[in-house]
Amino acid sequence: MTHDATAKLRAINFNVHYGEKHALHDITLEVRPNKVAALIGPSGCGKSTFLRSINRMNDVIEGVKTSGSIEIDGVNVYDSYVDVVELRKRVGMVFQKSIPFPKSIYENVAFGLRLAGNTAKSELDEIVEQSLKRAALWGEVSDRLDKSAMGLSGGQQQRLCIARAIAVNPEILLMDEPCSALDPISTAKIEELIEDLKSSYTIIIVTHNMQQAARVSDVTGFFYMGRLVEMDRTRTIFTSPAQKETEDYITGRFG
Amino acid sequence: MQLQDKRLFRKKRPRYGEIAIEWSIRVVSSVSILVIVLIFLFVFREAAGIFNSATEAGSTLQTIEAETAGKSEIHTSDNDDLKPEIYNPDSGIETGEAPPANLLPDLQVATTEASGKSEIHTSDDDDLKPEIYNPDSGEEAVESLISDISDKPLQPSKSIWQNLAGENWQPISEEPKFGVTPLIIGTVKTTFTAIAIAAPLGILAAMYVALFAHRRLREIIKPFIEILAGFPSVVIGFFCLMTVASILQDTFGFDYRLNSIVGGLGLAITVVPIIFTITEDALSAVPKSYREAALALGATEWEAAFRLMLPAAMPGVIAAVLLGIGRAFGETMIALMATGNAPLAEWNLAAPARTLAATIGAEMGEVIWGSTHYGVLFFLGALLFLVSFAINLLTEVFVRRRLAKKFQGS
Ligand SMILES: Nc1ncnc2c1ncn2[C@@H]1O[C@H](COP(=O)(O)OP(=O)(O)OP(=O)(O)O)[C@@H](O)[C@H]1O
Ligand SMILES: [Mg+2]
């Protein structure tokens, strides 16, 4: 394994077991800063498991064991001295199903900030506005920030979740099928957003949509049966993949 | 083949079994609803007696007498057989000769009772009457009886309202005092103590069980606390009376061994399971994904619980507390045994207290049937009912509508 000093995220021989089930086998990959990495692969191949391993969300599931390492800026997040809470503040996550909190739109975005002990009203106002603008939602909600977030449409809710995640200014943004429940217009907005966010974050996105992976990502990794089959520049993966399985998958021959 | 199927489809088969079950359910439920309504009406009517007997009787006497006579004649003719059985096994006065008011010794009795009657029958209550009494014609008889029975001519020096507003509860004395203030203070004191202890305990326990405990631990704790809800309150009362009271007095050096803190503690034992159960349900109903999303934002487990899960379950939590208040408010046995039962108009928590429910429980057994004291006890019952009704209404309107909107969005 060559150690590329410029990698933002690096997994080295990373394994995950759910009890008896060996969900991830020796995953080794790296993502450079300010890049978008897409993870593709058939259902159940371990994409979400890998994503959740990066911010250690798998810790909350009983019976999960990991081995190997995942490094962010050269620090193994599974080291015993790592504070999981701090880690999660640095690694934002957007879930497949949007999960707006039953609070006002404003309070949703401010949630992470308040956790970080940020309570100055003017500062909150500013960051909330900024985050909503970056998530391309400000125009639609600026006049009803104090209304419940549950009243937003599905696409708006997902953008709200993105705004909530970026409000705490993470370094890495993990997105697990963020568009799977959205219409094409909302999807287009979020893809645009990913393009914008790239300048400040390193983004890892799981998607079942090949076109989406091709459109938004710089590098693409193909997962199959808990293994990373190959990872390369997106263009390479989609035009001349090295592995037969990858080609079969992206051309739709299985999965 | 197809044709046959169509014919089958057209042929309607009556389902007698289901119809029978449906009807029996209907009948049973309407009977139980009716019974509940009648109980409430009975309580309110008994309570109303005290206000009627206190009104001035004088100029209206004659007309009333006439009326009373008329009325009871009607009733007695219909319901003579019913009366003694149901309401007055021990007094054989009214077998029809009571109504005639020309007997002088009876005049005073008649005065009070007649005034009572006049209120009910002639004035604005006329429109209510049919609803209330008609379903069961026996009730009419009951009513005439109740007023007949008022055994002592009560001529209070002050009005019953003034009496009720007084600071003393001395129902058995030369000049009975029915001041409910000390009872209300006692009820509020003990209820407050009970909720102040039970709400934090119940809510925290529910949070622990719903959000933190391992599944196995939850399966032990949950039924255990729920069993506590069905624990006989007399046992809890006895326990408080004998053990808790002594421990508390030794620890804090209370002047009175039994006081509203001991009582409140006993009530809390019954209230905790209520608050726990409902809060736990409310918290379990909050999607688990909220917790994950909060953790992913860098919340600790406790932050996720307090800042997200608990607020999301808030309508349920408030409903739980309100129901707990209702329980503490209406609980009789523990209040009777552990509060010291002295009707003091004192806000000091370390002083004995007497609650509304305990007063009814303690005095209803010895009260003279139909007396003012009897009416006042029913008045307390009506008060209890009204407050718990108001609490339920509050739960319904405020919590379900307003809070749910606030926390869960429109
Ligand atoms: N909590 C869990 N407990 C046990 N096994 C799990 C758990 N979560 C996932 N798995 C297993 O791990 C494997 C990988 O699951 P994962 O959710 O990572 O797949 P995925 O690639 O994200 O699939 P999808 O595209 O359907 O979301 C699956 O076989 C799944 O059954
Ligand atoms: Mg997945």
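So the protein sequences, as listed, match chains A and B.
Under my numbering, think of the first position of the first sequence as 1, with each following residue one higher.
Under my numbering, think of the first position of the second sequence as 1001, with each following residue one higher.
Beta carbons: idealized from backbone N, C-alpha and C, even for Gly.
Bear in mind the structure is a predicted one, so any value in this text is a computation, not a measurement.
Which residue from the options puts its Cα closest to that of residue i?
i	options	result
THR1243(B)	GLY1049(B), LEU1265(B), THR1279(B)	LEU1265(B)
TYR224(A)	HIS25(A), ILE185(A), HIS17(A)	HIS25(A)
VAL1286(B)	ALA1305(B), HIS1373(B), GLN1249(B), GLY1179(B)	ALA1305(B)
ILE205(A)	ILE12(A), SER199(A), VAL216(A)	VAL216(A)
ALA1293(B)	PHE111(A), LYS35(A), TYR78(A), VAL31(A)	PHE111(A)
ALA1198(B)	PHE1389(B), ILE1033(B), THR1270(B)	THR1270(B)
THR207(A)	TYR201(A), LEU197(A), GLY151(A), ILE190(A)	ILE190(A)
VAL1321(B)	TYR1208(B), GLY1230(B), ASN1392(B)	ASN1392(B)
ASP143(A)	GLU129(A), ALA163(A), VAL91(A), GLU30(A)	GLU129(A)
ALA11(A)	GLN243(A), GLY44(A), ARG134(A), LEU51(A)	LEU51(A)
LEU39(A)	GLN243(A), ASP248(A), LYS244(A), ASN209(A)	ASN209(A)
ILE72(A)	GLU30(A), PHE101(A), VAL60(A), SER80(A)	GLU30(A)
ASP248(A)	PRO42(A), VAL77(A), GLY226(A)	PRO42(A)
TYR201(A)	VAL36(A), THR6(A), ALA23(A)	VAL36(A)
GLN212(A)	LEU182(A), SER199(A), PRO170(A)	LEU182(A)
Is residue i helix, strand or coil by DSSP?
i	result
ILE99(A)	coil
LYS133(A)	helix
ARG253(A)	coil
ILE1318(B)	helix
MET1364(B)	coil
HIS1214(B)	coil
PHE1239(B)	helix
THR1191(B)	helix
GLU20(A)	coil
ALA149(A)	helix
LEU9(A)	strand
ARG227(A)	strand
TRP1302(B)	helix
GLN243(A)	coil
GLU191(A)	helix
ILE172(A)	strand
ALA1285(B)	helix
TRP1369(B)	coil
GLY221(A)	strand
GLU177(A)	coil
LEU182(A)	coil
LEU1297(B)	coil
ILE1172(B)	coil
ASP26(A)	strand
VAL77(A)	coil
Measuring CB to CB, does residue i end up less than 8 Å from residue j?
i	j	result
MET1337(B)	GLY1237(B)	yes
CYS161(A)	SER104(A)	no
ASP1281(B)	GLY1324(B)	no
LYS8(A)	ILE172(A)	yes
LEU1267(B)	THR1332(B)	no
GLY1340(B)	LEU1283(B)	no
THR66(A)	LEU228(A)	no
LEU1201(B)	VAL1272(B)	yes
ILE166(A)	LEU197(A)	yes
MET175(A)	ALA1296(B)	no
ILE1360(B)	LEU1386(B)	no
GLY63(A)	TYR106(A)	no
TYR1256(B)	PRO1182(B)	no
TYR16(A)	SER48(A)	Per the sequence presented here, residue 16(A) reads as Val, with Tyr not at that position. The answer is no: Cβ separation not under 8 Å.
ALA149(A)	ASN108(A)	yes
ASP218(A)	THR239(A)	no
THR1277(B)	ALA1229(B)	yes
GLY1381(B)	VAL1043(B)	yes
ILE1221(B)	VAL1234(B)	no
In the DSSP assignment, the beta strand (DSSP E) including residue i goes from what residue to what residue?
i	result
THR66(A)	64-72
ASP143(A)	Here ASP143(A) belongs to no beta strand (DSSP E), and DSSP marks it neither H nor E.
VAL206(A)	202-206
LEU1344(B)	Run containing LEU1344(B): none; DSSP gives neither H nor E here.
LEU39(A)	36-40
VAL91(A)	91-94
If I follow the unbroken alpha helix (DSSP H) through residue i, where does it start and stop?
i	result
PHE1389(B)	1372-1394
GLY256(A)	Look at the range of chain A in this structure, 1 to 255, and you will see that residue 256(A) is not part of it.
GLY154(A)	154-167
ARG52(A)	47-54
ALA214(A)	210-216
LEU1164(B)	1160-1164
As an exercise, report each continuous alpha helix (DSSP H) stretch of at least 4 residues that is fully enclosed by the segment 1219-1279 of chain B, in chain order.
1233-1239, 1245-1252, all fully within the segment 1219-1279 of chain B.
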